[in-house]
Ligand SMILES: [Zn+2]
């Protein structure tokens, strides 16, 4: 059984505050993450080994964006994302410890 069978996979944009190393201006940037949420149960075809691995598996997120373009119109340089982990493990509730998600279902989205 593949590790992917342990997780539900989805993409999510999350907002992070980053400092541009060129102009040193902080701004909020949306980064794309791949979120792997541990399934509640293994499929029935799982064997002993799968169950052991599944017991140890934890939900996590992988950062997919490594570069962002500076939002400062007088700078606009691209810089590497730093200070944001590339892999974040989530607690049992599935809530990552850092940053807030961008929820497209949020009624206020786009009105800000
Ligand atoms: Zn900049």
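In the numbering used here, the protein residues as written are 1366 to 1477. Beta carbons: idealized from backbone N, C-alpha and C, even for Gly.
| Asked | Found |
| --- | --- |
| Counterpart residues of residue 1393 in DSSP-defined beta bridges | 1382 |
| Assigned secondary structure, residue 1474 (DSSP; H/G/I helix, E/B strand, else coil) | Residue placement at residue 1474 is flagged as unreliable, the pLDDT there being 45, under the threshold of 50; a coordinate-derived value is accordingly withheld. |
| Boundaries of the beta strand (DSSP E) in which residue 1427 is found, first to last residue | 1425-1428 |
| Buried versus exposed, by CB contacts within 10 Å (16 or more), residue 1379 | buried |
| For residue 1405 and residue 1383, the rounded distance between their alpha carbons | 34 Å |
| DSSP-derived helix/strand/coil call for residue 1369 | helix |
| Euclidean distance between Cα positions of residue 1410 and residue 1366 | 9 Å |
| Exposure label - residue 1439; buried when at least 16 CB within 10 Å | exposed |
| Assigned secondary structure, residue 1403 (DSSP; H/G/I helix, E/B strand, else coil) | strand |
| The beta strand (DSSP E) enclosing residue 1443, as first and last residue numbers | 1443-1445 |
| Closer than 6 Å: residue 1442 CB and nearest ligand 1 heavy atom | yes |
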